[in-house]
Amino acid sequence: MSIELPPDHLEVVALRNRIQHIAEENKYVNDENDHLREANGELALENDELKKGLALAEQRLERVTDFWRSAEEELTKQIAINEDLTKQLEAAKSELASTKQAPK
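Quick note: the sequence shown uses UniProt numbering, first residue 1, plus one each step.
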């Protein structure tokens, strides 16, 4: 039969100090965890706001791009019409000049 000796006083003090140290570390870690959770929540809200802003900016860009694409297409059509009219005008001027120069 073995007899367990009671722990000596120094061992008990060392264990109590160790327990206190671990409790302090645990409190610090819990506080840091709380802080990180709060920061994470704030970052999640900020991220949502940034996503909304990005979506709005993309919509605006799409509308502006569509407008300018449409304007470019219309301008291209008008340039083609202008070129045709310029050719017709030059042809009419040439015809008029040749009729004036034709002998009577």
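In this text, a Cβ means the ideal position worked out from N, Cα and C, and glycines have one as well.
Simplified DSSP assignment, three categories, for residue i
i: Asp66; result: helix
i: Asp8; result: coil
Own chain partners of residue i with C-beta closer than 6 Å, once the 5 adjacent residues on each side are dropped
i: Asp48; result: none
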